[in-house]
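S.K.: Below is one structure. I have some questions about it.
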Amino acid sequence: MDFKFTAEHDALRAEVRAFLKEAVPSGPGPARPTSQEDWPSQVAFNQKLAARKWVAPAWPVEYGGLGWSHINQMIFSEELSYAGAPDAGRVFNVGMIGPTLIIHGSDAQKREHLPRITSSEVVWCQGYSEPGAGSDLAALQTRATRDGDDYVVNGQKIWTTGAHHADWCFLLVRTNPDAPKHKGISFLLVDMKTPGIQVRPIVNMAGYHEFNEVFFEDVRVPVANRVGEENNGWYVAMTLLDFERSNVASIAANQRTLELIASAIRSDRPGAASGYAAVPRHRLADLWVANEIGRILSYRTAWMQEAGRMVNYEASVIKLYATELAQRITNFGVNTLGPAGVLEPDSRHVRFNGVMEKGHLSNVSPTIYSGSSEVQRNIIATRGLGLPRD
Ligand SMILES: Cc1cc2nc3c(=O)[nH]c(=O)nc-3n(C[C@H](O)[C@H](O)[C@H](O)COP(=O)(O)OP(=O)(O)OC[C@H]3O[C@@H](n4cnc5c(N)ncnc54)[C@H](O)[C@@H]3O)c2cc1C
46 MDFKFTAEHD ALRAEVRAFL KEAVPSGPGP ARPTSQEDWP SQVAFNQKLA ARKWVAPAWP
106 VEYGGLGWSH INQMIFSEEL SYAGAPDAGR VFNVGMIGPT LIIHGSDAQK REHLPRITSS
166 EVVWCQGYSE PGAGSDLAAL QTRATRDGDD YVVNGQKIWT TGAHHADWCF LLVRTNPDAP
226 KHKGISFLLV DMKTPGIQVR PIVNMAGYHE FNEVFFEDVR VPVANRVGEE NNGWYVAMTL
286 LDFERSNVAS IAANQRTLEL IASAIRSDRP GAASGYAAVP RHRLADLWVA NEIGRILSYR
346 TAWMQEAGRM VNYEASVIKL YATELAQRIT NFGVNTLGPA GVLEPDSRHV RFNGVMEKGH
406 LSNVSPTIYS GSSEVQRNII ATRGLGLPRD
C-alpha cells in the first residue's frame, strides 16, 4: 500500500479546490441540510458540476463520466465534503441508482436514465424502508400485482429522503407474497408524477424537512421499468446497498468541524497555558488523531478498489467509524462553545452560523441509515472476524 499521492493527484486536488472556492456559495459547516429554501442553489451547483462532466466523473465515458480512477474519485469526494458542497440528490443519483443500472439495467434503461443523471436533469429517491421493514428490509409489504404490461403498486414507504424533490424513485415491491421473503421482491423504476403517489413530509429533530412518507395507491408502473428478473430484485437491491455504504464516509467534513472547534478554542482562551485550557486541547488532539485514522481507513478502501480488490466488511468499518466519530466531534464542539453552541442560526450570539448545533443533531441519522451501527457491527463480526451468526 502506498499512501503517497502523485503529482497528477495533487494537480487534480488543486483544480477541484479552485473550482469549489467559486462554486460553493457560503462558508463552512458540518451540516448541509437539503432544506426546501436552498434547494434551487443546490441544483445550480449540480449544474456547474455537469458543465465540467463532474457529476459522475468516475463513470465510464460511454455513460457520461470521465473514467476517473478510484483514487481521483476519492480526492474529488474528499474536497467536496470538506468544502460542505451541497448534494441535491447526487448521493441517490450517482452513488446508488446510476452504478446499479450500469450493472443490472437493460440497454433501454441505461439509455433513458444515465444521461439525465450526468446532465443533472433528474433527482432520484430511494423507496426501500417501510414502517415494518428497516434493518429487516426483506420484510417489506408494498405489493405490485401484474396487470397486462403494467404492475399495479399499493403500499407505503417511509423515511424517503428527498421524495418531495424527486422526479423518479427506485422502489422495492413484493411481487410474490407466497415465496420466501427474499425471493418474492422486484426492483422498479417509478416516475414520481404517476397518479396515485402521495408524499407527506416528516420533519427531523434538527428541524429540517428532509425525508417523507410516500403512499402508493393503484400506481401503474410499466413492466419495462423493472430492473432485473421478476422476484429477483433482492440481488439488485443489495448491489445498490453496497454502493450506498461505500459513499457515506464523512472524514473530510469531520476535519472541517475540528478546524472550527480549534479556532474557537484559540479565540476563547488566547495564549492560555492553564490546566483549564488544556482539557479541551487534549480532547481536540484525541479527536484529531482519531479522524486521521479514519482518513487512512478510507484511503485504504479506495486503494483496494484501485487494485481491483473487493471491498466488503471494510465499507462497514469505515461507515461505522466515521459516523460515530462525527457524533463525538460535534458533541465536543457543542460543549466547547458552551451556551452559544446550542443557539439557533438566527440568534445574534450564535457561533459559526449554528452549524455545530445543527451538525450535532444531524449526525445522529448517519448511524441509522445505510444500515445502523448495530447492523454494521454484525457485518464486521461475521464477514470480517468470521464469528458465527447466532
Ligand atoms: C436520515 C435518514 C434518512 C433515511 N433515508 C431513507 C431513504 O431515503 N430511503 C429509505 O428507504 N430509507 C431511508 N431511511 C431509513 C433507514 O434505512 C432505516 O431507518 C434503517 O434501515 C433502520 O431501520 P428502522 O428505522 O426500521 O429501525 P429498526 O430496523 O427497527 O431498528 C431499530 C433498532 O434495532 C437495531 N437492530 C435491528 N436489527 C438488528 C440486528 N439484527 N442486530 C442488532 N441490532 C438490530 C437497530 O440497530 C436499531 O437500533 C433513512 C433513515 C434516516 C435516519
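So the number in this note's numbering is just where the residue sits in the sequence shown, counting from 1, plus 45.
No residue lacks a Cβ here, since even glycine has one placed at the ideal position from N, Cα and C.
Keeping to the same chain, check which residues put their C-beta closer than 7 Å to that of G399; ignore five residues upstream and five downstream.
M.R.: L388, E389 and P390
S.K.: Taking only the alpha-carbon atoms, compute the straight-line gap between G140 and E289 and give it to the nearest angstrom.
M.R.: 6 Å
S.K.: Quick one: using the 10 Å Cβ neighbour count with 16 as the cut-off for buried, is E419 buried or exposed?
M.R.: exposed
S.K.: Which residue from W104, G179 and V88 puts its Cα closest to that of V168?
M.R.: V88
S.K.: Is Y321 helix, strand or coil by DSSP?
M.R.: The predicted position of Y321 is uncertain, since its pLDDT is 46 and thus under 50; a value taken from the coordinates is nonetheless stated next. It is helical.
S.K.: Unbroken alpha helix (DSSP H) runs of length 4 or more, entirely within the segment 74-131: which are they?
M.R.: 84-96 and 115-127
S.K.: Between N257 and N249, what straight-line distance do the alpha-carbon atoms span, to the nearest angstrom?
M.R.: 10 Å
S.K.: Taking contact to mean 3 or more Cβ pairs, one atom from each stretch, closer than 8 Å, check whether the segment 260-267 and the segment 143-159 are in contact.
M.R.: no
S.K.: Using the C-alpha atoms, what's the distance from A309 back to R219?
M.R.: 52 Å
S.K.: Which residue from V264, N276 and G179 puts its Cα closest to that of D223?
M.R.: N276
S.K.: Taking only three categories from DSSP, how would you classify I247?
M.R.: DSSP places I247 within a strand segment (E or B) once states are collapsed to three.
S.K.: At which residues does the beta strand (DSSP E) containing Y196 begin and terminate?
M.R.: Here the beta strand (DSSP E) through Y196 covers D195 to I203.
S.K.: Using the Cα positions of R271 and S114, report the straight-line distance between them to the nearest angstrom.
M.R.: 30 Å
S.K.: Sort N221, P240 and K238 by Cα distance to S231 and report the nearest one.
M.R.: N221
S.K.: Keeping to the same chain, check which residues put their C-beta closer than 6 Å to that of Y196; ignore five residues upstream and five downstream.
M.R.: A189 and V266
S.K.: Going by the C-beta, is T206 closer than 7 Å to any heavy atom of ligand 1?
M.R.: Correct: T206 has its Cβ closer than 7 Å to ligand 1.
S.K.: For T190, which beta-bridge partners are listed by DSSP?
M.R.: V197
S.K.: Say the cut is 7 Å; is the CB of N336 nearer than that to a heavy atom of ligand 1?
M.R.: no
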